[in-house]
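Below is one structure, written out as structure tokens; the observations come after it.
Number of protein chains: 2
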Amino acid sequence: MASQTTAKTHTMRALVELRKRIIDGDIPGGTRLFEVALAEDLQISRTPVREAMSRLAEEGLLERARSGGFLVRSFAYADVIDTIELRGVLEGTAARLAAERGVPEAKLKEIGAIVQKLDLCIGETPDDVDFAAYSELNSDFHEALAALPGSATLERELDRAKRLPFASPSAFLPDNTQLSKFRRSLHAAQDQHREIVTAIHRREGARAEALAREHAQAARRNLEYIFSKDRSLLSSVPGLALVSSDGPDGA
Amino acid sequence: MASQTTAKTHTMRALVELRKRIIDGDIPGGTRLFEVALAEDLQISRTPVREAMSRLAEEGLLERARSGGFLVRSFAYADVIDTIELRGVLEGTAARLAAERGVPEAKLKEIGAIVQKLDLCIGETPDDVDFAAYSELNSDFHEALAALPGSATLERELDRAKRLPFASPSAFLPDNTQLSKFRRSLHAAQDQHREIVTAIHRREGARAEALAREHAQAARRNLEYIFSKDRSLLSSVPGLALVSSDGPDGA
DNA sequence: ATCTGCCAAAATGTATGCATGAGCGCCAGC
DNA sequence: GCTGGCGCTCATGCATACATTTTGGCAGAT
Numbered sequence: 005m006a007s008q009t010t011a012k013t014h015t016m017r018a019l020v021e022l023r024k025r026i027i028d029g030d031i032p033g034g035t036r037l038f039e040v041a042l043a044e045d046l047q048i049s050r051t052p053v054r055e056a057m058s059r060l061a062e063e064g065l066l067e068r069a070r071s072g073g074f075l076v077r078s079f080a081y082a083d084v085i086d087t088i089e090l091r092g093v094l095e096g097t098a099a100r101l102a103a104e105r106g107v108p109e110a111k112l113k114e115i116g117a118i119v120q121k122l123d124l125c126i127g128e129t130p131d132d133v134d135f136a137a138y139s140e141l142n143s144d145f146h147e148a149l150a151a152l153p154g155s156a157t158l159e160r161e162l163d164r165a166k167r168l169p170f171a172s173p174s175a176f177l178p179d180n181t182q183l184s185k186f187r188r189s190l191h192a193a194q195d196q197h198r199e200i201v202t203a204i205h206r207r208e209g210a211r212a213e214a215l216a217r218e219h220a221q222a223a224r225r226n227l228e229y230i231f232s233k234d235r236s237l238l239s240s241v242p243g244l245a246l247v248s249s250d251g252p253d254g255a
Numbered sequence: 005m006a007s008q009t010t011a012k013t014h015t016m017r018a019l020v021e022l023r024k025r026i027i028d029g030d031i032p033g034g035t036r037l038f039e040v041a042l043a044e045d046l047q048i049s050r051t052p053v054r055e056a057m058s059r060l061a062e063e064g065l066l067e068r069a070r071s072g073g074f075l076v077r078s079f080a081y082a083d084v085i086d087t088i089e090l091r092g093v094l095e096g097t098a099a100r101l102a103a104e105r106g107v108p109e110a111k112l113k114e115i116g117a118i119v120q121k122l123d124l125c126i127g128e129t130p131d132d133v134d135f136a137a138y139s140e141l142n143s144d145f146h147e148a149l150a151a152l153p154g155s156a157t158l159e160r161e162l163d164r165a166k167r168l169p170f171a172s173p174s175a176f177l178p179d180n181t182q183l184s185k186f187r188r189s190l191h192a193a194q195d196q197h198r199e200i201v202t203a204i205h206r207r208e209g210a211r212a213e214a215l216a217r218e219h220a221q222a223a224r225r226n227l228e229y230i231f232s233k234d235r236s237l238l239s240s241v242p243g244l245a246l247v248s249s250d251g252p253d254g255a
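First to last, the protein sequences are chains Y and S.
Note that my numbering numbers the first sequence so that position 156 is 160, with each residue one more than the last.
Note that my numbering numbers the second sequence so that position 31 is 35, with each residue one more than the last.
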């Protein structure tokens with residue numbers, strides 16, 4: 005959960021630095037990364053740069069060009085939607101498997117505790133919303149959910165999806181967003197969180213899956229709503245290169 | 005579909021060779037790969053070896069060790085089951101999205117043609133089964149299905165799952181298997197293939213998803229049946245290192 | 001007997017020089 | 001003016017020497 009202490013090796017420094025630049029959107033999607041340029045920039049040799057790029061390709065932030073070299077992966081609006089869809093499906097599967105296979109009571113308590121802490125972040129009044137803390141805990145919830153069935157395969161897939169530059173909901177909100185407007189959504193999300201945990205506890209696999217999926221669909225609808233009101237927001241999402249595609253309403 | 009013409013660069017040679025060794029099971033899961041040893045073995049320097057290992061990690065065949073270096077990923081029986089489960093879920097999603105979003109008639113014709121060709125591989129009499137051709141076409145079917153909704157995100161995930169060493173059904177069959185015994189299963193699978201295509205054509209998303217999932221579940225049950233009769237088969241699956249886990253009936 | 005700490009051997013991390021090949025622009029010919 | 005080939009340039013592919021870290025064993029103490 006906590007970030008790793010600043011890595012020692014050049015490779016790690018380069019990895020962290022490059023990842024940051026990509027996620028922050030400093031390097032737009034589609035950009036080709038040149039070993040020499042980056043090496044000079046980071047004051048290291050080409051070797052660790054190459055190594056770092058290779059790892060970023062594993063994470064899915066870069067892709068290998070046909071003729072060698074790496075490109076910053078660019079994501080279209082459709083990719084964002086599809087990724088949310090995919091996460092919903094995968095988390096639904098996690099919920100279903102957890103319900104079907106059963107999980108230790110202790111684990112359910114743990115995840116229940118997270119839900120309770122989430123409640124504290126979205127208090128009674130609109131000004132009472134601690135969005136940063138909510139986001140953090142929300143990640144914890146979804147991570148815990150992914151881990152419930154004890155399937156390394158599933159966890160791996162969900163982990164991958166979570167690393168994409170636009171994975172965090174906050175990536176879509178401009179800095180001046182009136183967060184209080186989302187209070188209603190957050191309360192609704194909390195209701196869903198609770199229902200999912202309850203369904204798993206009752207061993208209702210199909211219901212747990214449907215709920216987890218619906219939870220993701222709600223997030224997708226929220227997103228589509230935001231962009232339907234202001235399409236220009238699309239271009240301001242860090243790390244989201246809308247080079248090759250159109251907005252919400254298709255071609 | 006066809007294999008790429010033998011790669012020219014040392015990296016590519018190493019990549020292909022290593023991949024082969026892992027998938028064939030020449031290098032058991034959990035084995036640590038040493039750059040120097042492999043470099044000597046392949047008569048090249050450490051650099052391309054490292055590059056090849058990095059790419060294999062992207063493919064999911066290797067994993068990075070904590071202290072650097074790579075390990076051959078080892079898969080337990082549970083991983084196989086979970087992967088089939090995952091593929092079912094993902095293919096179900098592909099089928100659902102295809103039905104929901106609609107696909108060009110031409111694409112459906114294409115996939116229908118594959119199903120027809122599959123019929124030819126499992127003729128009327130038990131001796132009439134061309135298992136190799138069936139496997140190849142079956143892969144084509146599933147690949148085409150994955151591509152139907154036009155979601156690069158989904159295709160990418162399914163592609164990944166397909167590359168695992170045990171992905172091919174034939175990996176589980178010893179060389180002397182009486183293939184004719186599977187004729188009935190193959191016919192049943194064909195019925196499912198047809199139903200899936202029909203459901204997509206009729207735009208019945210939920211049904212298409214359920215069918216595709218059931219198709220995978222059937223494969224899983226077949227597998228469990230095979231191993232329930234002869235647990236020793238587990239250890240003979242190439243690339244499947246059953247080091248850390250137990251058989252079908254759990255811990 | 002086991003634990004601890006040190007030391008040596010080996011493996012990975014890094015830098016750098018050279019080789020190779022893809023991409024691009026220039027020039028000549030049509 | 002357009003097209004096709006030629007060659008230059010620059011980025012990556014590869015090899016190798018050196019630095020650093022990890023690991024496993026051995027010795028001594030508890």
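Yeah, the Cβ is synthetic: ideal placement off N, Cα and C, and Gly gets one too.
All values derive from a computational prediction rather than experimental measurement.
Could you give the distance in angstroms between the alpha-carbon of residue i and the alpha-carbon of residue j?
{"i": "H197 (chain Y)", "j": "V93 (chain Y)", "result": "16 angstroms"}
{"i": "S58 (chain S)", "j": "E218 (chain S)", "result": "36 angstroms"}
{"i": "G127 (chain Y)", "j": "R91 (chain S)", "result": "41 angstroms"}
{"i": "K12 (chain Y)", "j": "K24 (chain Y)", "result": "17 angstroms"}
{"i": "A117 (chain Y)", "j": "Y229 (chain Y)", "result": "31 angstroms"}
{"i": "L238 (chain S)", "j": "A175 (chain S)", "result": "10 angstroms"}
{"i": "E199 (chain Y)", "j": "M16 (chain S)", "result": "50 angstroms"}
{"i": "E213 (chain Y)", "j": "R68 (chain S)", "result": "33 angstroms"}
{"i": "A151 (chain S)", "j": "A193 (chain Y)", "result": "32 angstroms"}
{"i": "T202 (chain S)", "j": "A102 (chain S)", "result": "12 angstroms"}
{"i": "D253 (chain S)", "j": "K233 (chain S)", "result": "Model confidence at D253 (chain S) stands at a pLDDT of 40, short of 50, so the residue's coordinates are unreliable and nothing is read from them."}
{"i": "L46 (chain S)", "j": "E44 (chain Y)", "result": "33 angstroms"}
{"i": "V107 (chain S)", "j": "A165 (chain S)", "result": "24 angstroms"}
{"i": "S78 (chain S)", "j": "I27 (chain S)", "result": "11 angstroms"}
{"i": "A110 (chain S)", "j": "N226 (chain Y)", "result": "34 angstroms"}
{"i": "G29 (chain S)", "j": "I204 (chain S)", "result": "38 angstroms"}
{"i": "V1 (chain S)", "j": "L177 (chain Y)", "result": "Any answer about residue 1 (chain S) is impossible in this case: the structure gives chain S only from 5 up to 255."}
{"i": "R100 (chain Y)", "j": "G154 (chain Y)", "result": "12 angstroms"}
{"i": "S143 (chain Y)", "j": "Q120 (chain S)", "result": "46 angstroms"}
{"i": "V133 (chain S)", "j": "R224 (chain S)", "result": "21 angstroms"}
{"i": "I31 (chain Y)", "j": "R211 (chain S)", "result": "43 angstroms"}
I'd like to know whether the C-beta of residue i is nearer than 8 angstroms to at least one C-beta of chain Y.
{"i": "E62 (chain S)", "result": "yes"}
{"i": "A98 (chain S)", "result": "no"}
{"i": "S155 (chain S)", "result": "yes"}
{"i": "G86 (chain S)", "result": "According to the sequence displayed, residue 86 (chain S) carries Asp and not Gly. Taking Cβ atoms only, chain Y reaches closer than 8 angstroms to D86 (chain S), which makes this a yes."}
Taking 8 angstroms as the CB-CB limit, is residue i close to chain S?
{"i": "A18 (chain Y)", "result": "no"}
{"i": "D83 (chain Y)", "result": "yes"}
{"i": "D144 (chain Y)", "result": "no"}
{"i": "E67 (chain Y)", "result": "no"}
{"i": "V107 (chain Y)", "result": "no"}
{"i": "E39 (chain Y)", "result": "no"}
{"i": "E161 (chain Y)", "result": "yes"}
{"i": "L42 (chain Y)", "result": "no"}
In chain Y, what lies closer than 7 angstroms to residue i by C-beta?
{"i": "E208 (chain S)", "result": "By Cβ distance, chain Y contributes nothing, its closest Cβ being about 18 angstroms from E208 (chain S), past 7 angstroms."}
{"i": "V93 (chain S)", "result": "V93, T97"}
What in chain S is Cβ-close to residue i, meaning under 7 angstroms?
{"i": "S58 (chain Y)", "result": "S58"}
When the distance is taken between beta carbons, is residue j closer than 8 angstroms to residue i?
{"i": "V241 (chain S)", "j": "F145 (chain S)", "result": "no"}
{"i": "A18 (chain Y)", "j": "A80 (chain Y)", "result": "no"}
{"i": "D83 (chain Y)", "j": "A156 (chain S)", "result": "yes"}
{"i": "R160 (chain S)", "j": "G64 (chain S)", "result": "no"}
{"i": "A148 (chain S)", "j": "E95 (chain S)", "result": "no"}
{"i": "S220 (chain S)", "j": "I88 (chain S)", "result": "Per the sequence shown, the amino acid found at residue 220 (chain S) is Ala instead of Ser. Yes, these two residues count as a Cβ contact at 8 angstroms."}
{"i": "S189 (chain Y)", "j": "S139 (chain Y)", "result": "no"}
{"i": "A61 (chain Y)", "j": "E39 (chain S)", "result": "no"}
Under 9 angstroms between beta-carbons, which chain S residues line up against residue i? List them in chain order, please.
{"i": "L90 (chain Y)", "result": "L94, T97, S155, T157, L158, E161"}
*Would you mind listing the alpha helix (DSSP H) stretches within the stretch 117-180 of chain Y that are 4+ residues and don't spill past its ends, in chain order?*
Within the stretch 117-180 of chain Y, the complete alpha helix (DSSP H) runs of at least 4 residues fall at 135-151, 156-166.
_Threshold first: 4 residues or longer. Then list the alpha helix (DSSP H) segments lying entirely within the stretch 35-77 of chain Y, N to C._
Within the stretch 35-77 of chain Y, the complete alpha helix (DSSP H) runs of at least 4 residues are 39-46, 50-63.
_alpha helix (DSSP H) runs contained entirely in the stretch 178-228 of chain Y, provided each spans 4 or more residues_ = 187-205, all fully within the stretch 178-228 of chain Y.
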